[in-house]
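Protein chains in written order, with our numbering: chain A, 17 to 315; chain B, 1403 to 1720.
The following block contains the structure:
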């Protein structure tokens, strides 16, 4: 092990794991965004708000179940469906009437919704910081890599990421709705012409995408202080990830999230003060080399 | 250009508004003078954005960067150097234009949504630097109490300075759009391919437009320093950019004065609504959703359509 450490110092390896757990969150949120962008072609700014609402809802549900270490599991179970319900109402109520509008309008409309969601969160939960309990089995730290303590919960995140990726892969490639939605992404009129109700396909995809945003919110909640404004920074990161990965490509979102998450954590290690700049620089470099994203876009 | 095509009625409205703006400090209390100053400079900011967005068809999604950069440049020169504040005021817009040029050169190869997102990425980079460079920019505290020349330190002095500079800038912007350059720009918006074929250097035109737009955003930022004596990192945050685009849409982005009107509506709304509730964003969001549904060409666009039924087809950029 000492030989490994002489090449890769333990701080570096530990920081890589931190970056990968961040990648998990980014991937889950960005894949939802990418799914919606690819199939519905909506640049959904409100996606970040659903992530934030997910975090706040998980706080409330955890509190409802006593706020103890096991209450988080209930939050993890229930919250994504609450978010799915909210997104279903929004999609059927408003968005479905605007699919034909140009992207700029949709961007602004979803921004308007993010303003509304932001204030509703303020109205319901107030402006104070909230903290969500870390689930009992994953509290505390484990010594990893030369004894550097590493939060157990982050290891849990590292396991969740691949599971979500697998489920998504299965839904997109192996199920009927996945196949239809991929077809609709390429040619929605043709899909309609063969007798499929495209409107409901869109609704389903939108709800699945938003559910992922909510899931990201629940998963991130125990690791951060849940607060207003957490939507605004995340949505920019998610958009950049989707853009560098290739619009609508879920594996692109994974690749983008890896680039963003790792450059973020390693950047902070190398250059504590301005490390946060590095992921943005990475995005610029990627876009200069491949303007339309690393993987094939569905657009 | 459909700005002052309302004929005599439009001219009369213009004269009344200008007269009103001149005598405003004599009638209204200080609070309204401040608010009107903010409206004017925000209107200039939105108008400069609309040069790229509405007239150039360039998805300028992160215009606030140039506003903030101009303001920070002016503020930093005043507080960190011994140069005259007037030099700082001149430097603000130039710094913005340079940043606009650099960002433009990088992102102009892309178009539409990709262009917009690259602007957002580059803009976020600028924002992060300002936000994190605590020792130089003051970090998230910003810079407060920026000393100004005596003539600008009163509310009225700042107001008249803002009014004059905004008026001058709007006139220059108007002339630019009326010039052959402006016509070519709108040609590119309506059909970039055809414009390229007839020999227009499309990318260079768009780049030039971005530089002009960021220059005037810098002017607006500098005016904010004059009016408010502060700068803070939220001036460069992307949510402000979205609000700028909202102002353009709200007023009507195929009109010249639309963004100014949109800015006035938004600033006034925020000021009054936030005086009795903290949930003004909720109201703005709902209002804006309604505008998208029912007034896709904005307030001024709607009025012009009403006045000129059948004489002009509104530009469809779908």
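Built from N, CA and C at the ideal position, the CB exists for glycine as well.
In this text the structure is predicted, and so the values were computed from the model without any measurement.
Delimiting residues of the beta strand (DSSP E) encompassing residue i
| i | result |
| --- | --- |
| residue 1685(B) | Residue 1685(B) -> not in any beta strand (DSSP E); alpha helix (DSSP H) instead, spanning 1682 to 1696. |
| residue 158(A) | 157 to 160 |
| residue 164(A) | 164 to 167 |
Same chain, Cβ closer than 6 Å to residue i, five either side skipped, listed in chain order
| i | result |
| --- | --- |
| residue 1584(B) | 1578 |
| residue 150(A) | 169, 238 |
| residue 270(A) | 43 |
| residue 1551(B) | 1487 |
| residue 14(A) | Because chain A in this structure spans residues 17 to 315, residue 14(A) falls outside the shown range and cannot be described. |
| residue 81(A) | 87, 90 |
| residue 273(A) | 39, 42, 43, 46, 257 |
Cutoff 8 Å: residue i Cβ touching any chain B Cβ
| i | result |
| --- | --- |
| residue 308(A) | yes |
| residue 4(A) | In this structure chain A extends from 17 to 315, so residue 4(A) is not present and cannot be described. |
| residue 18(A) | no |
| residue 63(A) | no |
| residue 296(A) | yes |
| residue 128(A) | yes |
| residue 43(A) | no |
| residue 59(A) | yes |
| residue 292(A) | yes |
| residue 289(A) | yes |
| residue 274(A) | no |
| residue 51(A) | no |
| residue 334(A) | What the structure shows of chain A is the stretch from 17 to 315, and residue 334(A) is not part of that stretch, so it cannot be assessed. |
Boundaries of the alpha helix (DSSP H) in which residue i is found, first to last residue
| i | result |
| --- | --- |
| residue 10(A) | The structure shown does not extend to residue 10(A), since chain A is modelled only from 17 to 315, so the question has no answer here. |
| residue 1537(B) | 1536 to 1539 |
| residue 1585(B) | 1582 to 1592 |
| residue 267(A) | 266 to 286 |
| residue 135(A) | 119 to 141 |
| residue 1607(B) | 1604 to 1630 |
| residue 1643(B) | 1640 to 1653 |
| residue 148(A) | First-last for residue 148(A): undefined, no H or E at that position. |
| residue 1428(B) | 1410 to 1429 |
| residue 108(A) | 87 to 109 |
| residue 1656(B) | Element bounds for residue 1656(B): n/a, residue is neither H nor E. |
| residue 79(A) | 63 to 80 |
| residue 1452(B) | 1432 to 1452 |
| residue 1704(B) | 1700 to 1709 |
| residue 220(A) | 214 to 236 |
| residue 205(A) | 204 to 209 |
| residue 115(A) | Run containing residue 115(A): none; DSSP gives neither H nor E here. |
| residue 38(A) | 26 to 55 |
| residue 1472(B) | 1466 to 1482 |
| residue 295(A) | 294 to 305 |
| residue 1505(B) | 1487 to 1509 |
C-beta neighbour in chain A for residue i, strict 8 Å
| i | result |
| --- | --- |
| residue 1673(B) | no |
| residue 1523(B) | yes |
| residue 1604(B) | no |
| residue 1519(B) | yes |
| residue 1669(B) | no |
| residue 1717(B) | Only weak support exists for where residue 1717(B) lies, its pLDDT of 47 falling under 50; the value from the coordinates is given anyway. So no, residue 1717(B) is outside the interface. |
| residue 1526(B) | yes |
| residue 1720(B) | Residue confidence is low: residue 1720(B) scores 37 on pLDDT, short of 50, so the model does not pin down where it sits. No coordinate-derived value is stated. |
| residue 1469(B) | no |
| residue 1704(B) | no |
| residue 1512(B) | yes |
Own chain partners of residue i with C-beta closer than 7 Å, once the 5 adjacent residues on each side are dropped
| i | result |
| --- | --- |
| residue 312(A) | 262, 265 |
| residue 185(A) | none |
| residue 1587(B) | 1457, 1458, 1607, 1611 |
| residue 21(A) | 162 |
| residue 1515(B) | 1461 |
Proximal chain C residues relative to residue i, where beta-carbon distance stays under 7 Å
| i | result |
| --- | --- |
| residue 1641(B) | Given the protein chain composition of this structure (A and B), no chain C is represented. |
- Task: For the region 1531 to 1545 of chain B, enumerate the residues whose C-beta is nearer than 9 Å to any C-beta of chain A, in chain order.
- Result: Under the 9 Å Cβ criterion, the region 1531 to 1545 of chain B contributes 1531, 1533, 1534, 1535, 1536.
- Message: Check whether the region 1638 to 1653 of chain B and the region 1461 to 1477 of chain B touch, using three or more Cβ-Cβ pairs below 8 Å as the test.
- Response: With the cut-off at 8 Å, the region 1638 to 1653 of chain B and the region 1461 to 1477 of chain B touch.
- Is the region 226 to 242 of chain A close to the region 57 to 68 of chain A, with three or more CB pairs under 8 Å? Per the Cβ contact rule, the region 226 to 242 of chain A is in contact with the region 57 to 68 of chain A (3 or more Cβ pairs under 8 Å).
- Query: Is the region 140 to 156 of chain A touching the region 93 to 103 of chain A in the sense that three or more CB pairs, one from each, lie closer than 8 Å?
  - Reply: No: the two stretches stay apart, fewer than three of their Cβ pairs being nearer than 8 Å.
- Taking a cut of 7 Å between CB atoms, which residues from the region 251 to 270 of chain A lie near chain B? Those would be 252, 255, 256, 259, in chain order.
- Query: Counting Cβ pairs closer than 8 Å, one from the region 1541 to 1549 of chain B and one from the region 1589 to 1599 of chain B, do we hit at least three?
  - Reply: Verdict: no, contact absent.
- Take every Cβ of the region 1659 to 1669 of chain B, pair it with every Cβ of the region 1437 to 1451 of chain B, and state whether three or more of those distances are shorter than 8 Å. The region 1659 to 1669 of chain B vs the region 1437 to 1451 of chain B: in contact.
- Message: If the cut-off is 9 Å on Cβ atoms, which residues from the region 174 to 204 of chain A count as contacting chain B, listed in chain order?
- Response: Those would be none; no residue qualifies.
- Query: Taking a cut of 9 Å between CB atoms, which residues from the region 134 to 167 of chain A lie near chain B?
  - Reply: Cβ contacts with chain B come from 134, 135, 136, 138, 139, 143.
- Query: Is the number of C-beta pairs between the region 1527 to 1546 of chain B and the region 280 to 298 of chain A that are closer than 8 Å three or more?
  - Reply: Between the region 1527 to 1546 of chain B and the region 280 to 298 of chain A, the count of Cβ pairs shorter than 8 Å is three or higher; the stretches touch.
- Message: Check whether the region 111 to 128 of chain A and the region 1667 to 1682 of chain B touch, using three or more Cβ-Cβ pairs below 8 Å as the test.
- Response: Short answer: they don't touch.
- Task: Report yes or no: do three or more beta-carbon pairs, one from the region 1620 to 1627 of chain B and one from the region 1484 to 1499 of chain B, lie closer than 8 Å?
- Result: Pairwise C-beta distances place the region 1620 to 1627 of chain B in contact with the region 1484 to 1499 of chain B, as three or more of them are shorter than 8 Å.
- Task: Using a Cβ-Cβ cut-off of less than 8 Å, list which residues of the region 1586 to 1600 of chain B approach chain A; keep chain order.
- Result: So the list is empty, because no residue satisfies the distance condition.
- Message: Using a Cβ-Cβ cutoff of 8 Å, what residues of the region 1635 to 1665 of chain B are near chain A? List them in chain order.
- Response: Taking 8 Å as the upper bound on Cβ-Cβ separation, chain A lies near residues 1639, 1640, 1641, 1644, 1647, 1648, 1651 of the region 1635 to 1665 of chain B.
- Message: Output needed in chain order: residues of the region 20 to 37 of chain A with a Cβ under 7 Å from some Cβ in chain B.
- Response: Of all residues in the region 20 to 37 of chain A, none has a Cβ within less than 7 Å of some Cβ in chain B.
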